[in-house]
Amino acid sequence: KRVRGRFLRFSISKIKLVVVFVFSLGGLSQAQTSNIARSDILKHIVTQCVDLNKKDYCSNCALPRVDSACISNAECRQTNEVWAMNQDYVAIRDIKMCGCSSDFVHGLALPRLTITGIEDPLREEGIWNFAWDVGVQRIEPMELALAINPKSERTQNQLHIHILRLEPKARILFPKYSSVITQNLDNVWMLAEQIAKSKGLLDYGVLVIKAQHSGYLVLVSPESPEGAFTQWKCDRT
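Per the numbering used here, the sequence shown starts with residue -5, numbered consecutively.
Structure follows, in structure tokens:
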């Protein structure tokens, strides 16, 4: 009941955050936003807004980087912040960090190619190592959580792994779920898919954390692991 109630609060809050994100686009020109569907915001950021050297960057990007010259003194929700980037992946600040204290961390690791989500056969294992390397720069390894939500529980059509803190008491819930220990992050998608098939799950989310003794724990959940196991939002009260 505790997990279900917390997941319900997560779902309601997630809807509110999407509305806030879309509303923040209202301050930009119609030409910049008219062709961006709500579910394509992250895809737009990845394809148009993370590379400052992209031709006509300011005119084509609706949510420019905070270190760009497109707009000055922009509100947090009208920008994106790149934490790390290589030719394959990029890590950015999640909009949920806007308005939070500096000790709250919530980032997103995304492929720079258009890859829909957890169900996309083009997903690459390399994104897990990339996300982990970014995460440990901001969060202690034993507190770090990487989470990707089921297709039915996501709002965006671009694959994204959440980089955030594990709930302090989350580990006591793990025996209720199927998981496996791996010594590296080179086979997370494969292991998660094997677990899901063994449990008859067609739609599922994945949580990756540091195991208690060695290696990493890969957990498969039919519900949102972001909502069930992590500190996914800050307390603004």
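By construction, the Cβ of each residue, glycine as well, lies at the ideal position given by its N, Cα and C atoms.
1) To the nearest angstrom, how far is the alpha carbon of residue 89 from that of residue 206?
2) Would you decide whether residue 119 is buried or exposed? Buried here means 16 or more other CB atoms lie within 10 Å of its CB.
3) If we ignore side chains and look at the alpha-carbon of each, how far apart do residue 51 and residue 147 end up?
4) Please classify residue 87 as buried or exposed, where buried requires at least 16 neighbouring CB atoms within 10 angstroms.
5) Can you have a look at residue 170 and say buried or exposed, based on whether 16 or more other CB atoms are within 10 angstroms of its CB?
6) Answer yes or no: do residue 140 and residue 224 have a C-beta to C-beta separation smaller than 7 Å?
7) Can you give the Cα-Cα distance for residue 167 and residue 97, rounded to whole angstroms?
8) Mind pulling the alpha helix (DSSP H) runs of 4 or more residues that sit fully within the region 61 to 143?
9) Taking 7 Å as the CB-CB cut-off, is residue 65 touching chain D?
10) Would you kindly check if the distance between the Cβ of residue 199 and the Cβ of residue 144 is under 7 Å?
11) Taking residue 122 as the reference, which of 187, 163, 83 and 72 has the closest Cα?
For this structure:
1) So the two alpha carbons sit approximately 31 Å from each other.
2) Burial call: exposed.
3) Going by the C-alpha atoms only, they are around 32 Å apart.
4) Burial check for residue 87: the Cβ neighbour count within 10 Å reaches 16 or more, so the residue is buried.
5) Residue 170 counts as exposed, since fewer than 16 other C-beta atoms from the protein chains shown sit within 10 angstroms of its C-beta.
6) Taking the C-beta atoms as reference points, residue 224 is found no nearer than 7 Å to residue 140.
7) Note on geometry: alpha-carbon atoms of residue 167 and residue 97 lie some 25 Å from one another.
8) Here the runs fully enclosed are 120 to 129.
9) Of the chains in the structure shown, none is chain D; there is only one protein chain.
10) A contact, by the Cβ cut-off of 7 Å.
11) Cα-wise, what sits closest to residue 122 is 83.
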